[in-house]
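Here the structure is laid out as C-alpha cells; the discussion comes afterwards.
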Amino acid sequence: MAQEQPAAQTANQPSVSIHPVPEFNHDSEVGESLGTRWNIWMQDFEMFILASGITDAKRKRALLLYQAAQRVREIFRQIPDTGNDNEYDVATTKLKEYFEPQQNRRYAVYRFRQAHQEAHETTTNSIRDYGP
748 MAQEQPAAQT
758 ANQPSVSIHP
768 VPEFNHDSEV
778 GESLGTRWNI
788 WMQDFEMFIL
798 ASGITDAKRK
808 RALLLYQAAQ
818 RVREIFRQIP
828 DTGNDNEYDV
838 ATTKLKEYFE
848 PQQNRRYAVY
858 RFRQAHQEAH
868 ETTTNSIRDY
878 GP
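The numbering used here applies: residue 748 is where the sequence shown begins, and numbers increase by one.
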C-alpha cells in the first residue's frame, strides 16, 4: 500500500519550477535611467519572491541582496541606516532612494546642451531653471 504524504508537506512545495531573476545590471544602457531599470528589476524580484512563497523578511532581504549582485551589495554597504537583517522594507527603500535620482548621463548631457538662455533671463536664473 502506498503511503500518502501529509497535506502540510505538499502545500509548501512549489508546483512549478521557478527560476530566480537575473542579477541587476548596474551598467547604464542608452535611453534608460538607472532608477527606471532598478524599479523594473524590483518588480520582477517582488514577483519572484511572491511566486516562491517567501514571506520571512530576513530571508527576503538576504535574497534581495544576494540576487541583486555584488555591485549592489557594495553600494548597500555604503548606505547609512539600512536597518537590521529583519527589515526588508528598509533595505528596499534605501536602495530605491539611491537608484532613483540617477539619470542616464547621455540624456542629461543632451538636455543640458539643448537648454538656452532666454533674452530676459539672467545666467543664474537660466541655470537654476534648468534643473534635473
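Just so you know, even glycine gets a beta-carbon here, dropped at the ideal spot from N, CA and C.
Check	Outcome
Does Gly782 come out as helix, strand or coil in the three-state DSSP assignment?	helix
Write down the C-beta distance between Glu770 and Gln814 rounded to the nearest angstrom, noting that I regard them as a contact closer than 8 angstroms.	7 angstroms
May I ask which residues mark the beginning and end of the alpha helix (DSSP H) holding Ala816?	Taken as a continuous stretch (DSSP letters only), Ala816 belongs to no alpha helix (DSSP H), as it is neither H nor E.
Would you call the segment 792–809 in contact with the segment 827–839, where contact means no fewer than 3 C-beta pairs closer than 8 angstroms?	yes
Enumerate in chain order the residues of its own chain whose CB-to-CB distance from Arg820 is below 7 angstroms, with the five nearest sequence positions on each side excluded.	Leu812
In terms of residues, what are the limits of the alpha helix (DSSP H) holding Phe846?	835–846
Rounded to whole angstroms, what's the CA-CA distance from Ala862 to Pro848? Just pull it up for me.	20 angstroms
For a quick check, are the C-beta atoms of Arg818 and His773 less than 8 angstroms apart?	yes
Is the CB-CB distance between Lys841 and Trp785 below 8 angstroms?	no
Do the CB positions of Phe795 and Ile765 come within less than 8 angstroms of each other?	yes
With a CB to CB cut of under 6 angstroms and the five nearest residues on each side skipped, what residues in its chain are close to Ser799?	Ile765
Answer with buried or exposed for Leu797, where buried requires no fewer than 16 other C-beta atoms within 10 angstroms of its C-beta.	exposed
How close, in whole Å, do the beta carbons of Leu781 and Phe859 come, if the pair is a contact with beta carbons under 8 angstroms?	The Cβ separation is near 18 angstroms, so there is no contact.
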